[in-house]
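Chemist: Sequence order for the protein chains is D and E. Numbered according to our numbering, the first sequence spans residues 2 to 115. Numbered according to our numbering, the second sequence spans residues 7 to 417. Take this structure first; my questions come after.
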Amino acid sequence: MARKLLFLLLALTSCSKGPEADLQYISEARSLAAEWALVNEQAAQGHLTAAYAQTMRASIRDQLQSSAKSLTQPKAPYAAEIGAILSAPDDAPPATLRAHASNLKRIEDQLESD
Amino acid sequence: MNPIELTLGIMTAVGGFVDISQLVFAAQAGSMFGFALISAFAFSTLGIIVFGEMSGRVAAVARQPVFNLIRHRLGLKLGLVTLAASLLSTLITCAAEIGGIALILRYLTGAPYLLMAVVGTFVLFASMWVLPFKWIERSYGLLGLFMLVFVAALLAIHPPWGKLAHGFVVAVPPDLSPKRLLTYLYFVVAIFSAVMFPYEAYFYSSGGIEEGWRPKDLLTNRVTSIVGMALGTLLSIAILADSAVLFRPLDVGPHIPGSAALEAAMPFGKLGLLLALAGMFFAVAGAAIETCMANAYSVSQFFGWDWGRHKKPWEAPRFTIAWIALLLLALLIVLTDVDVMSLVEYAVLFSIIVLPLTYLPLMLLADDKSYMGQYANKWLAKGLGWFFFVVVTVTALAALPLYFLTSGGQG
Numbered sequence: 002m003a004r005k006l007l008f009l010l011l012a013l014t015s016c017s018k019g020p021e022a023d024l025q026y027i028s029e030a031r032s033l034a035a036e037w038a039l040v041n042e043q044a045a046q047g048h049l050t051a052a053y054a055q056t057m058r059a060s061i062r063d064q065l066q067s068s069a070k071s072l073t074q075p076k077a078p079y080a081a082e083i084g085a086i087l088s089a090p091d092d093a094p095p096a097t098l099r100a101h102a103s104n105l106k107r108i109e110d111q112l113e114s115d
Numbered sequence: 007m008n009p010i011e012l013t014l015g016i017m018t019a020v021g022g023f024v025d026i027s028q029l030v031f032a033a034q035a036g037s038m039f040g041f042a043l044i045s046a047f048a049f050s051t052l053g054i055i056v057f058g059e060m061s062g063r064v065a066a067v068a069r070q071p072v073f074n075l076i077r078h079r080l081g082l083k084l085g086l087v088t089l090a091a092s093l094l095s096t097l098i099t100c101a102a103e104i105g106g107i108a109l110i111l112r113y114l115t116g117a118p119y120l121l122m123a124v125v126g127t128f129v130l131f132a133s134m135w136v137l138p139f140k141w142i143e144r145s146y147g148l149l150g151l152f153m154l155v156f157v158a159a160l161l162a163i164h165p166p167w168g169k170l171a172h173g174f175v176v177a178v179p180p181d182l183s184p185k186r187l188l189t190y191l192y193f194v195v196a197i198f199s200a201v202m203f204p205y206e207a208y209f210y211s212s213g214g215i216e217e218g219w220r221p222k223d224l225l226t227n228r229v230t231s232i233v234g235m236a237l238g239t240l241l242s243i244a245i246l247a248d249s250a251v252l253f254r255p256l257d258v259g260p261h262i263p264g265s266a267a268l269e270a271a272m273p274f275g276k277l278g279l280l281l282a283l284a285g286m287f288f289a290v291a292g293a294a295i296e297t298c299m300a301n302a303y304s305v306s307q308f309f310g311w312d313w314g315r316h317k318k319p320w321e322a323p324r325f326t327i328a329w330i331a332l333l334l335l336a337l338l339i340v341l342t343d344v345d346v347m348s349l350v351e352y353a354v355l356f357s358i359i360v361l362p363l364t365y366l367p368l369m370l371l372a373d374d375k376s377y378m379g380q381y382a383n384k385w386l387a388k389g390l391g392w393f394f395f396v397v398v399t400v401t402a403l404a405a406l407p408l409y410f411l412t413s414g415g416q417g
């Protein structure tokens with residue numbers, strides 16, 4: 002019984018495709034963009050060391066790349082939005098990054114309500 | 007009572023509570039659910055205080071560390087299963103801590119991650135080889151207190167104290183969608199597991215024996231387990247509350263272990279950032295040493311080898327080889343470039359499954375008057391102990407389904 006339940010859970014979590022399956026990556030990318038904006042804002046105010054800011058940006062970029070690669074719909078509008086974040090320079094203005102995060106949030110809310 | 011004796015409890019708390027998984031889950035919990043999960047920390051802390059005090063008492067009275075009990079109480083076969091599961095879960099935890107150390111050193115220096123993993127492991131090796139047990143606990147335990155900067159940050163940002171206090175009340179936040187409710191429950195389980203990591207009991211009881219505890223030290227045991235664990239929780243709750251105030255309004259869900267340091271940088275600038283990173287380094291390094299030694303203690307006690315850092319390394323050769331091999335194995339896992347966050351999730355997941363098998367023999371022995379005499383569990387310790395044992399078992403059963411249903415807390 003327990004084994005059957007485990008298989009069912011695995012099937013439920015691994016077989017789904019489409020925008021709904023991408024929701025977790027959209028949410029992750031949205032949150033990473035917001036975090037990147039915060040890092041750049043704090044760096045601009047002189048609150049961070051150069052090593053910390055650079056390492057955080059590199060880690061955020063790595064995770065964004067991983068989220069982008071995990072998408073099952075690479076041609077969807079949210080994929081383009083994530084691509085746009087990835088193409089931003091390291092010291093992108095916080096407002097630009099937050100705008101991308103807001104766009105992703107809008108898409109996320111829309112998909113969740115469908 | 008000598009105040010310096012409190013350091014064993016402080017190190018276990020700082021290194022055990024605020025290890026890499028606590029940093030991650032506390033910051034994420036605050037960002038996702040505000041102050042609501044403070045109660046999960048407070049509740050789990052009561053649990054680890056109960057079992058921590060019990061394991062120290064058994065060590066002082068029966069002179070039995072936890073893994074001795076496991077073999078005698080569960081028998082050889084089930085004992086071996088417990089040993090294997092515990093070794094695996096604690097090894098993964100140790101690898102996660104070494105990965106965390108490498109990341110923190112990278113935040114401090116900007117040097118490559120894998121190089122920092124090797125450097126960090128060498129620092130751990132040198133500390134464990136050169137320093138006597140007392141000095142390991144004192145140095146990492148006390149330097150880990152730099153993390154008090156998170157408490158100072160909380161005072162500086164003026165949180166809504168009423169709402170924060172309300173977070174101590176166990177209650178599910180209203181209006182959660184079914185999906186968010188599952189994520190909330192996953193976080194409850196993850197926090198419970200991370201606070202009650204089994205290695206803490208192995209390390210704490212073995213440490214008591216290393217320090218030569220006797221029944222006269224039971225007051226020290228009680229005070230260190232309560233004060234030390236409470237301090238650990240205070241730090242975790244501060245990280246959670248800072249995140250609820252600073253990250254949640256900006257929609258930042260910290261996905262990287264270093265994000266927590268931003269909580270100190272925002273009110274205090276570079277000084278706050280550096281203090282936070284230093285505190286995180288010593289706390290995570292302390293946890294790495296605890297996990298590595300806990301594994302070596304477990305193997306040595308199970309097979310009846312000579313063990314202990316109070317002996318010279320060559321006086322307990324199999325114990326020495328065990329901790330060196332386990333440290334290198336953990337480093338090898340990190341050198342495969344596996345994601346630290348994944349290691350943290352696996353560590354929490356495996357640990358919760360091992361927890362019931364860890365705490366059952368401890369409960370049985372602490373209840374047994376033929377071993378413990380007048381120091382056997384009284385009604386309060388017995389009641390709380392069995393209550394938390396049931397909670398631990400239910401949590402262990404729920405962990406795997408919740409992990410899959412929420413994609414590891416991602417929703």
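By construction, the Cβ of each residue, glycine as well, lies at the ideal position given by its N, Cα and C atoms.
#1: Any residues in the stretch 311 to 341 of chain E with a beta carbon nearer than 8 Å to a beta carbon of chain D? Which ones, in chain order?
#2: Do you know whose CA, among E:W392, E:V360, E:L137, lies nearest D373 of chain E's CA?
#3: Cβ atoms of P273 of chain E and I197 of chain E: under 8 Å apart, would you say?
#4: Does A3 of chain D come out as helix, strand or coil in the three-state DSSP assignment?
#5: Report the neighbours of I262 of chain E on chain D: residues whose CB is nearer than 8 Å to its CB, in chain order.
#6: L49 of chain D to P94 of chain D, Cα distance in whole Å?
#7: Quick one: does Q25 of chain D have its CB under 8 Å from some CB of chain E?
#8: Quick check on DSSP: helix, strand or coil for R63 of chain E?
#9: List, in order along the chain, the chain E residues whose C-beta lies closer than 8 Å to that of Q74 of chain D?
#10: Per DSSP, what kind of secondary structure is T342 of chain E in: helix, strand or coil?
#11: With H, G and I counted as helix, E and B as strand and the rest as coil, what does DSSP make of M286 of chain E?
#12: Going along the chain, which residues of its own chain have a beta-carbon closer than 6 Å to the beta-carbon of A46 of chain E, five neighbours each way excluded?
#13: Here's a check: name, in chain order, each residue in its chain whose Cβ is nearer than 6 Å to the Cβ of A108 of chain E, leaving out the five neighbours to either side.
#14: Report yes or no: do three or more beta-carbon pairs, one from the stretch 380 to 387 of chain E and one from the stretch 56 to 74 of chain E, lie closer than 8 Å?
#15: Relative to chain B, which residues along the stretch 236 to 260 of chain E have a C-beta separation below 9 Å, given in chain order?
#16: Apply the 10 Å Cβ neighbour rule to G84 of chain D and answer buried if 16 or more other Cβ atoms are within range, or exposed otherwise.
#17: I want to see whether chain D comes within less than 8 Å of A405 of chain E, judged by CB atoms only; does it?
#18: Please name the residue, chosen from E:L188, E:L97, E:S249, that lies closest to A35 of chain E on a Cα-to-Cα basis.
#19: Checking 8 Å against the spacing of the C-beta atoms, do Y418 of chain E and T96 of chain E come in under that value?
#20: At what residue ranges does the stretch 152 to 220 of chain E contain a whole run of the beta strand (DSSP E), taking only runs of 3 or more?
#21: In angstroms with no decimal places, state the Cα-to-Cα distance between A69 of chain D and G414 of chain E.
#22: Mind checking which residues open and close the alpha helix (DSSP H) that includes R315 of chain E?
#23: Using 10 angstroms around the beta-carbon of A419 of chain E, count the other beta-carbons present and answer buried if the total reaches 16, otherwise exposed.
#24: Examine chain D for any beta-carbon lying closer than 8 Å to the beta-carbon of T115 of chain E, and answer yes or no.
#25: Report the residue from E:L370, E:L161, E:G285 whose alpha carbon sits nearest the alpha carbon of S145 of chain E.
#26: According to a CB-to-CB cut-off of less than 7 Å, which residues of the stretch 76 to 102 of chain D neighbour chain E?
#27: May I ask you to report which of helix, strand or coil DSSP gives D23 of chain D?
#28: Does the separation of the CB atoms of E113 of chain D and L33 of chain D fall below 8 Å?
#29: Grab me the residues of I108 of chain D's own chain with a C-beta within less than 8 Å of its C-beta, minus the 5 sequence neighbours each way, in chain order.
#30: Note down, in chain order, every chain E residue with its Cβ under 9 Å from the Cβ of A47 of chain D.
#31: Run the CB neighbour count on G310 of chain E, radius 10 Å, all protein chains shown included, and call it buried at 16 or more, exposed below.
#32: Taking C-beta pairs closer than 7 Å, name the residues in chain E that S32 of chain D reaches, listed in chain order.
#33: Can you check whether the C-beta of K106 of chain D is within less than 8 Å of a C-beta belonging to chain E?
Modeler: Taking the definition as stated:
#1: none
#2: E:W392
#3: no
#4: Below a pLDDT of 50, predicted positions are generally treated as unreliable, and A3 of chain D, at 45, falls in that range; no measurement from the model is reported.
#5: E36, M57, S60, I61, Q64
#6: 16 Å
#7: yes
#8: helix
#9: Neighbours of Q74 of chain D on chain E: none; closest Cβ ~17 Å, over 8 Å.
#10: coil
#11: helix
#12: V194, I197
#13: Y119, M122, A123, G126
#14: yes
#15: Of the protein chains in the structure, D and E, none is chain B.
#16: exposed
#17: no
#18: E:S249
#19: A question about residue 418 of chain E goes unanswered here, because the residues of chain E that appear run from 7 up to 417.
#20: none
#21: 18 Å
#22: Run containing R315 of chain E: none; DSSP gives neither H nor E here.
#23: What the structure shows of chain E is the stretch from 7 to 417, and residue 419 of chain E is not part of that stretch, so it cannot be assessed.
#24: yes
#25: E:G285
#26: A102
#27: helix
#28: no
#29: I27, P78, Y79, E82
#30: Residue 47 of chain D is actually Gly in this sequence, not Ala. By Cβ distance, chain E contributes G275, K276.
#31: exposed
#32: D257, V258, G259, H261
#33: yes
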